[in-house]
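*Asks:*
In my numbering, the protein residues as written are 328 to 471.
#1: Are the stretch 391-402 and the stretch 428-440 touching, with three or more C-beta to C-beta distances below 8 angstroms?
#2: I need the boundaries of the alpha helix (DSSP H) containing residue 362, first residue and last residue.
#3: Nearest by alpha-carbon distance to residue 407: which of 449, 468, 463 and 367 is it?
#4: As a quick exercise: from 426, 464 and 455, pick the residue whose alpha carbon is nearest that of residue 350.
#5: Using DSSP's beta-bridge definition, name the partner residues of residue 438.
#6: Go ahead and label residue 469 buried or exposed: buried means 16 or more other beta carbons lie within 10 angstroms of its beta carbon, across all protein chains shown.
#7: Among all the DSSP beta bridges, which residues are the ones paired with residue 420?
#8: Buried or exposed, going by whether 16 or more other CB atoms sit within 10 Å of the CB of residue 419?
#9: Starting from residue 390 and walking both ways along the alpha helix (DSSP H), at which residues does that stretch end?
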């Protein structure tokens with residue numbers, strides 16, 4: 328009887344995820360990427376990023392791989408200052424083709440004194456039943 332509430336909770340969690348479409352799961356995963364960047368969640372990033380991951384930043388000013396992203400998160404966790412106050416994704420669109428998905432949209436990044444809006448396009452691939460982030464391209468949107 329002690330385990331009945333636990334089993335019920337696990338069943339509800341499993342059932343609720345079955346009700347999500349693949350597109351909804353990918354948007355949720357992509358929002359997790361944004362949270363992990365904001366909070367320097369090393370373990371989440373380690374599990375999400377493909378070994379071949381590449382991130383092309385604004386105007387190719389920087390090109391990172393998995394190691395660079397993880398090292399930056401570890402340094403921030405270790406006390407290195409980080410000026411990012413918030414990351415707010417919006418207007419996500421998902422395109423699926425076989426075991427590949429592209430999630431695009433906008434992220435408002437607040438580093439002060441004024442937030443910057445970026446357009447992003449991220450490529451996810453399904454590997455052994457789990458979605459891995461393979462590529463990320465971000466581009467700042469000019470202010471009008």
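A virtual CB, placed ideally from N, CA and C, is assigned to each residue, including glycine. Small disclaimer: the values here were computed from a predicted structure and weren't measured.
*Replies:* Well, looking at it:
#1: Result no; under three Cβ-Cβ pairs closer than 8 angstroms.
#2: Against the chain shown, residue 362 aligns to sequence position 35. Judged by DSSP secondary structure, residue 362 falls within the alpha helix (DSSP H) whose first and last residues are 349-366.
#3: Counting from 1 along the chain shown, the entry for residue 407 is found at position 80. For residue 407, the nearest C-alpha among the options comes from 367.
#4: The count along the chain shown starts at 1 and reaches residue 350 at position 23. Selected option, being the one with the closest Cα: 426.
#5: For the purposes of this step, residue 438 is taken as residue 111 along the chain shown, with counting starting at 1. For residue 438, which the question treats as bridged, DSSP gives no partner whatsoever.
#6: Position 142 of the chain shown holds residue 469. Its Cβ having fewer than 16 others within 10 Å, residue 469 is exposed.
#7: Within the chain shown, numbered from 1, the residue matching residue 420 stands at position 93. The partner list for residue 420 (beta bridge, DSSP) reads 431.
#8: Walking along the chain shown from the start, residue 419 turns up at place 92. Classification for residue 419: buried.
#9: If you number the chain shown from 1, residue 390 lands on position 63. Residue 390 -> not in any alpha helix (DSSP H); beta strand (DSSP E) instead, spanning 390-392.
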